[in-house]
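So for the sequence shown, the numbering used here puts the first residue at 50; every next one is plus one.
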Amino acid sequence: MPCGDHFLFMSFASTLCRSNNGERTVKSVKTLSLTLAFSAVLTSLSVEAAEKPVLTIYTYDSFASEWGPGPEIEKSFETRCGCDLQFVSLDDGVSILNRLRLEGNHSKADVVLGLDDSLMKEAKQTGLLAPHQVDTSAVHLPDGWQDKTFVPFDYGYFAFVYRKDKLPHPPESLKALVEQSDQLKIIYQDPRTSTPGQGLLLWMKSVYGDQAAQAWQKLSQKTVTVTKGWSEAYSMFLKGESDMVLSYTTSPAYHQIAEKDDRYAAAAFKEGHYMQVEVAARLSGSQHPELARQFLQFMLSEQFQSVIPTGNWMYPVTAVSLPEGFRHLVHPSKTLRFTPEQVAAKRKQWIREWREALTSD
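Next up, the structure:
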């Protein structure tokens with residue numbers, strides 16, 4: 050055999066070339082054995098990685114971001130499931146529903162995470178979702194939970210956040226925000242793509258009813274911009290581009306706990322605040338239905354729920370303890386809500402009303 054023939058590594062071949070005839074056979078056998086063993090290990094690892102099921106979850110960008118709860122939740126669930134969990138980030142909750150409608154039965158998603166209770170009826174009407182088959186007895190929400198398709202994972206109340214040193218006298222009601230404070234500048238999210246934006250749409254309708262169009266026209270005079278999602282809006286606010294931004298009553302907890310900064314607060318409105326429950330569901334066309342169900346059940350575990358307060362900066366849906374910073378947050382005196390059925394019946398009409406109000410002279 051010519052020196053070096055049939056060997057994978059040149060270092061092994063050159064060693065054989067320098068060997069005496071008596072040593073060549075022994076070294077050849079040892080080297081070949083090591084090479085084959087090493088190749089077998091690599092093959093085994095490659096097969097194992099290839100055989101790992103991939104669980105694809107559509108969610109919104111702030112959830113999956115490196116500073117959101119996604120990375121920790123991904124790591125925790127993967128140690129349980131022996132799978133590869135992959136998040137697909139979209140702008141916001143309404144964008145998730147829009148994506149599902151666009152993809153239909155060809156969707157790559159196994160789970161959608163980040164819709165909210167106001168979108169549940171419309172999401173069910175797509176025919177793409179399966180019953181969750183999850184034990185939800187651990188859920189502890191103000192109004193309880195009975196739905197058989199969606200599993201809640203957090204909740205909160207929409208609010209306008211401001212800096213106390215820049216706005217010492219914030220509006221004390223939604224009507225004051227809309228009708229007074231002429232010099233005030235605000236940023237909010239698009240109700241066509243964002244669940245907070247849709248939350249404001251429903252909040253305005255709850256307070257103004259048939260006069261909502263006129264209220265939107267007045268609010269437009271104070272609006273710096275309308276963003277596609279929450280992350281962009283909040284980032285602009287932090288850069289000083291507005292006095293207030295649509296977010297949550299829990300948002301100041303981030304600044305207090307993570308940044309040790311107590312300058313941020315949520316304005317408490319006399320009319321009450323609109324409540325949001327964020328939910329997840331599994332798709333009927335999932336390639337891994339049992340794995341998807343396991344993830345939905347995992348959402349109600351302590352490992353998942355304990356990440357929510359300081360990862361997603363929302364209230365958990367089970368009885369996990371809250372950080373000290375949550376005790377000083379605004380708690381609405383009144384909760385405003387429409388049913389999912391009411392929203393499904395009127396959402397397109399209310400969005401059209403909003404668009405026309407913003408484009409009218």
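For each residue, glycine too, the CB sits at the ideal point set by N, CA and C.
Predicted model only: the values in this text are computed from it and were never measured.
Item	Value
Beta-carbon separation (whole angstroms), Ala172 vs Ala341, contact threshold 8 Å	Between Ala341 and Ala172 the Cβ distance is about 15 Å, and since that is not below 8 Å, they are no contact.
Cβ neighbour criterion (16 or more within 10 Å) applied to Val103	exposed
Close beta carbons around Gly289, own chain, < 7 Å, minus the five adjacent residues each side	none
Residues of its chain near Met324, where Cβ-Cβ distance is below 6 Å and the 5 sequence neighbours each way are ignored	Tyr206, Thr384 and Arg386
Gln135 in three-state terms, based on DSSP	strand
For Thr108, the residue or residues it bridges with in DSSP	Ser138
Alpha carbon of Asp311 to alpha carbon of Cys130, nearest angstrom	40 Å
Cβ contact check for the segment 229-238 and the segment 279-295: 3 or more pairs under 8 Å	yes
For Ala307 and Glu390, the rounded distance between their alpha carbons	38 Å
DSSP three-state assignment for Ser409, whether helix, strand or coil	coil
Cβ shell of Lys397 (< 8 Å), same chain only, five flanking positions each side left out	none
Residue from Leu345, Val392, Ile400 and Ile357 whose Cα sits closest to the Cα of Asp184	Leu345
Beta-carbon proximity check, Pro220 vs Ala314, cutoff 8 Å	no
Cβ pair Pro193, Leu168 closer than 8 Å	In the sequence as displayed, the identity of residue 193 is Gly instead of Pro. Contact: no.
Nearest-angstrom Cα separation, counted from Ser186 out to Ser284	37 Å
Simplified DSSP assignment, three categories, for Ser269	helix
Identity of the residue in Val160, Pro201 and Ala282 nearest Tyr211 by Cα	Ala282
Rounded separation between Arg401 and Gly321 - CA only	25 Å
Beta-carbon gap between Leu226 and Trp403 smaller than 8 Å	no
Status (buried if at least 16 other CB within 10 Å, exposed otherwise) for Leu85	Low local confidence applies: a pLDDT of 49 at Leu85 is under 50, so the model's placement there is unreliable, with the coordinate-based value given in what follows. Exposed, because fewer than 16 other Cβ atoms sit within 10 Å of the Cβ of Leu85.
Thr244 - DSSP class collapsed to helix/strand/coil	helix
Outcome for Ala302 when other beta-carbon atoms lying within 10 angstroms are tallied against a minimum of 16	buried
Beta-carbon proximity list for Thr74, same chain, < 7 Å, skipping 5 on both sides	Note that Thr74 scores a pLDDT of 42, beneath 50, so its modelled location is shaky; the value from the coordinates is reported in the next line. None.
Range of the contiguous beta strand (DSSP E) that encloses Ser296	Met293 to Tyr297
DSSP three-state assignment for Gln195, whether helix, strand or coil	coil
Gly258 - containing alpha helix (DSSP H), residue span	No alpha helix (DSSP H) holds Gly258; DSSP gives it neither H nor E.
Supposed close pair Pro25, Pro358 - CB separation, criterion 8 Å	This structure cannot speak to residue 25, because the chain is shown only from 50 to 410.
Exposed unless 16 or more other CB atoms sit within 10 angstroms - verdict on Glu327	buried
Residues near Ser82 in its chain [Cβ-Cβ closer than 6 Å; skip 5 each side]	Note that Ser82 scores a pLDDT of 48, beneath 50, so its modelled location is shaky; the value from the coordinates is reported in the next line. Contacts found: none.
Residues near Ser300 in its chain [Cβ-Cβ closer than 8 Å; skip 5 each side]	Ala208, Val210, Tyr283, Tyr313, Ala315 and Trp362
Burial state of Arg376 (16 or more Cβ within 10 Å)	exposed
Extent of the continuous beta strand (DSSP E) to which Gly205 belongs	Val200 to Arg212
Contact belief for Phe112 with Leu162 at Cβ below 8 Å, rounded distance in angstroms	7 Å
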